[in-house]
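Residue numbers (our numbering): 98 to 1243. Note that CB positions come from ideal geometry on N, CA and C, so glycine has one too. Predicted, not measured: the structure shown is a model, and the values here were computed from it.
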């Protein structure tokens, strides 16, 4: 009785036979023990050893001896174990085990149901049944695999499901006992029912070929196995029957297998091949599946349509359209072959008209194997009816049966009569955002959806004034709005107005005339008045495969976060909208990102990342740092515990800051849930007052748990941190009211450092794209919130201004095709930008929210610009809008504030200023700067040499062309350098020649003249030049006049007599003296002549034009550069070529 084991065995013996005496119990223990060593004193006992005594107690054999049965010890390969007879307090052997039976193999990984019942007349006395599993070994003590555990079921029948764990498999196992007992409410037990089983493993693995290999011809599959009495390996192709593959030899100890298979039995392509291990009892292991690509045929492309074909009208999905609609067909084709395809022609065939602008066919240059490409074609649906539309891939590939895709579409007839409508986006303003106290125009468009023209229409514009109601501005006439059977016509009425304050104006446009439907004749709209102006656009170019993610503003510039092939990058953008820098933040980006501008001007960024650890698993966690305007970053920090991708993830991140405190929030999906695998999604928060300090963020706080939302349908959180609370907009699946599951929007608030918030309320239905901003109000904090409800054509912008109790309802504005919205707080209110698709295509709208507005007064109307809004970066005063077109190109536009304060510019050292705009680290920046300076110096030296040489050449030309002007009796001197010996200067003035014999000409410096003297000298020179030109012109004209005939006909030796003076000439015969001439009759006296009107005085009459005589000039051709030009100065002997500066001698 020295040990608990011995005491237990003795108690068991007394329970088996209560009549045993102590000496009998002692003898049974001695004689049933497992002997160790040789007998030391054989004369006393043939079993006793001086070291081991009587050996080790064998409880099984001892019980057999007490029951007067043959001892069949379990150790050493003893016989079957029989259940013990009823023992204990007299309740009897009332428990029976139906499964498992003795000798059953339990396989690792299986879920085994141990079942049985309570039998006998005492069955109703028991309240519960318990199960125990115990493993015994060839050597050593048994090990309890599962302690006494209460079973399930309805008594008298019971069961317990047990998972056979991998660590239960032990090569040293001899057997395992499954024991059951029944108990009553007093704790009395029945006899223990026992079954012996074995636990083993059925395992098979494939070592070759790998799933990436192509299978050609006969293939040898190889691998390893481990199992209980293994018999054979079987394989299965796709979903066919299992086939015999490999017979395992009975004495095989290598645990290796191989199966040969002829791959030509199946067609080329992907096939699933499965293998399993079968033992002698017919027990199967789990099948191991691999998908292989069989490739016995020559390489060939295989093109086919994949995914869903979408029909869009003006960017919105439609299921029918009126005649004349231009429809966009979006689809995707993929190459599933093993050869690249090139020059792929895809066309669309359907009844309608063709258009050169909108093609119905497209040519794909190259589509590599395994790749896909998204394409779009256009269909001008001008014919009414139900039509079959066919997309065709004109390529001869491996399988042409899937090269066509056909669908039906309904084209409705346009109404015959005129149908006038105010379409979405019918109102525009010029400028796009009118400013206070400045005249602006309001343009209202009316569309005709019918086939008949609408004529003689009038449109009246009114605005509502508080206290006065509607006030008419003006009324405009619309002569005609054209109709058509294949397209819509429209006309625009233009009005002018002015408003004095920042805010909004509420307008009403009324269409008047015959045929106008009353229900469609009035259009209400708002116009925003604000002190901002839209700038010109600048296109930005990203590299191939670069996708923009987030756009955030700085005091001076912005940061654009992008992803390139799984990497996270940030690009710096200056106020002039250039992109000088690119910094890589993360090589293994996990797909989540949140950014926010901090109070100190930096931008805080937090993102998810993926890492592969040494154990081979891929983990995900969060990383964070801050980025400056020049792209410099703080040290990277790691947040949250790493999770295996198969066990959880972090997503939907958001970040905000208030009064130096920064908070990060997001969703955490916990799939494993501590081993229970309940897959719970929660909202966590992290808070820090020193975000750049390592370890300052602490542990996450779960503010809400068990959120019914998934990453595939949910958006990021929208958060706003206030003075006391953190406000969160989050999504959750809801099915109330309609009974249909959809994504709802919820609002909650609480302390970011405490868990399990108590306030939640539903605010949106079928909601997404949530945004929230917090501002200080007069009494409490004001919440600005906006989101989208619905999708596509039914999308609506929903917004509200409310308090922390969400007391105000939301307002809804139609915004078909809405894809994004941005909010930005300013001193004048909260700027609001969102996009939609309307009659002008994709556009971005602008609005303004103020605290003192009522719900229906919010102004969300102005069409700001074309394109979808991809982001807005609010700077200190201005902002930048990131826009994307329908084709995907990106542009930037500034939204400048007109009357904001002037920024104070910090004086920085010149070197720091230059380095801040350069990419890379400090060493790289310095190397770039030094290289730039050296290049600049070399360039300046080159320019200095070039300018000096050019100056000397121009000085020589000046010497050659200078003319010395003197007074009226002076002469012009043409200075002409001679290359040979002799006079240096030759002066030619008509017939006079003057040669200067001095060998050196000294250029004396002139005395500096005053401005008045210089002007007087210039005036005299101009006057002398005009006189010379007139003289030369007169001489030229005189040369061309015909000679006098008397002089021409006179002989050369004729002598003319001297003529007397005029006073001595004799009087002409027959003529009276001059004084006696009679007056001319009929002529009035000179004093009575009428004035000559506007004729100038005689001295100012212009000279008559010289008919047929062109001014003198000379055409010159340069022998060096072949340039041709005209010289009007006929006195020049040489000239400098204006093109190459070559001196040309005449």
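In the assembly as shown, residue 621 is an exposed residue. Its beta-carbon has fewer than 16 other beta-carbons within 10 Å. Look at residue 903 here: in three-state DSSP terms it is coil, with no helix or strand label.
If the five residues before and after residue 411 are omitted, its C-beta is found closer than 7 Å to the C-beta atoms of 934, 938, all from its own chain and listed in chain order. Annotated as distal: residue 918 and residue 842, with beta-carbon spacing of 7 Å or more. One thing to note: residue 626 has its Cβ no nearer than 7 Å to the Cβ of residue 536.
Listed as beta-bridge partners of residue 256 by DSSP are 212, 249.
When DSSP reads this structure, residue 839 sits in a beta bridge with 831. Taken atom to atom, the span from the alpha-carbon of residue 688 to that of residue 704 is near 8 Å. If you look at residue 162, you'll find it in the alpha helix (DSSP H) that goes 156-163. Under DSSP, no beta-bridge partner is assigned to residue 1117.
Shown here, residue 566 sits in a strand according to DSSP, grouped into three states. Within the stretch 693-750, the complete beta strand (DSSP E) segments at least 3 residues long are 700-709, 715-724, 734-741, listed from N- to C-terminus. Assignment of beta-bridge partners to residue 467 by DSSP yields no partner.
Residue 534 is bridged by DSSP to nothing; it lacks a bridge partner. Under the three-state reduction of DSSP output, residue 860 falls in the strand class.
Distance from the CA of residue 376 to the CA of residue 297, rounded to the nearest whole angstrom, comes to 11 Å. For the pair of segments examined, the stretch 308-317 was found not to touch the stretch 238-252: the number of CB pairs separated by less than 8 Å stays below three. If you draw a straight line from the Cα of residue 869 to the Cα of residue 941, it comes to about 19 Å. With a cutoff of 7 Å on beta-carbon distance, residue 483 and residue 504 are scored as not near each other. By the 16-neighbour rule on beta-carbons within 10 angstroms, residue 668 is buried. When the beta-carbon positions are compared, residue 432 and residue 468 come within less than 7 Å of each other. Here residue 693 is near residue 752, since their CB atoms are less than 7 Å apart. For residue 619, the uninterrupted beta strand (DSSP E) segment begins and ends at 619-626. The Cβ atoms of residue 332 and residue 354 lie no closer than 7 Å to each other. Residue 496 holds the alpha-carbon nearest to the alpha-carbon of residue 435 among 496, 457, 577, 754.
Distance check between residue 201 and each of 800, 861, 295, 652 places 295 closest, using alpha-carbon atoms only. CA-to-CA, the gap between residue 763 and residue 1025 works out to about 41 Å.
According to the DSSP assignment, residue 112 belongs to the alpha helix (DSSP H) that extends over 101-113. In the structure shown, residue 1225 adopts coil according to DSSP, grouped into three states.
Look at residue 893 here: in three-state DSSP terms it is strand.
Setting aside the 5 residues that flank it on each side, residue 265 is surrounded in the same chain by 242, 296, each with a C-beta closer than 6 Å to its C-beta; the list follows chain order. Approximately 22 Å separates the beta-carbon atoms of residue 444 and residue 465; this is outside 8 Å, ruling out the contact. Only buried fits residue 927, as 16 or more other CB atoms lie within 10 angstroms of its CB. Excluding sequence positions up to five before and after residue 343, its CB lies within less than 8 Å of the CB of 329, 330, 354, 355, 356, all in the same chain and listed in chain order. Residue 987 has its alpha-carbon roughly 20 Å from the corresponding atom of residue 630. By the Cβ test, the stretch 956-965 is in contact with the stretch 519-532, since at least three Cβ pairs between them sit closer than 8 Å.
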